[in-house]
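Mapped onto this note's numbering, the consecutive letters of the sequence shown carry residue numbers 255 to 366. A virtual CB, placed ideally from N, CA and C, is assigned to each residue, including glycine.
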Amino acid sequence: LRNLLENAVLYSDASPEITITLTEENDQCCLAIADKGRGIEPYEQKKIFNMFYRIRRKDENIRGTGLGLFIVHATIRRHHGQVKVESKGRGHGTTFRIYLPLIRPATIEETP
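Right, dumping it as structure tokens:
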């Protein structure tokens with residue numbers, strides 16, 4: 255979660271606007287983090303979860319290792335979830351959605 259929030263701030267302009275929502279969808283919890291930042295081109299969206307992959311733009315000087323989203327993806331998968339990215343491309347912002355299975359508490363029936 256921290257990495258996604260940091261990226262939302264890093265890849266946005268001076269006053270970032272970030273929206274966080276939590277919903278329930280088909281027995282899953284969905285946490286969405288949306289920004290109005292620089293966006294991610296569709297052809298790069300599948301690559302960003304690869305180890306050491308970084309989007310390089312000539313007009314940006316943002317440092318990083320290319321491990322953050324790889325670790326996010328691996329951690330969510332270990333918990334039987336998914337991470338999805340949505341962006342219409344450069345200048346259109348990005349939304350990351352984390353889906354995790356809901357675990358409902360067991361009900362205990364009292365015996366007479």
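Using only CA atoms, which one of Ala328, Gln299 and Asn304 lies nearest to Val339?
Gln299
List the whole-angstrom C-beta distance separating Ile272 from Ile287, where the pair is believed to meet the contact cut-off of C-beta under 8 Å.
Rounded, the Cβ-Cβ distance is 7 Å, consistent with contact.
Asn257 to Phe350, Cα distance in whole Å?
11 Å
Comparing C-alpha positions only, which one of Arg317, Tyr307, Leu255 and His334 sits nearest to Phe324?
Tyr307
Just grab the DSSP bridge partners of Ala412 for me.
Examination of residue 412 is not possible in this model, given that the chain is present from 255 through 366 alone.
Could you check how far apart the C-beta atoms of Gly335 and Pro355 are, in whole angstroms? I think they sit under 8 Å.
7 Å
What residue ranges within the stretch 290 to 347 form continuous alpha helix (DSSP H) runs of no fewer than 4 residues, ordered along the chain?
322 to 332
Would you report the Cα separation of Val337 and Leu255, rounded to the nearest angstrom?
Straight-line measurement puts the Cα of Leu255 at about 11 Å from the Cα of Val337.
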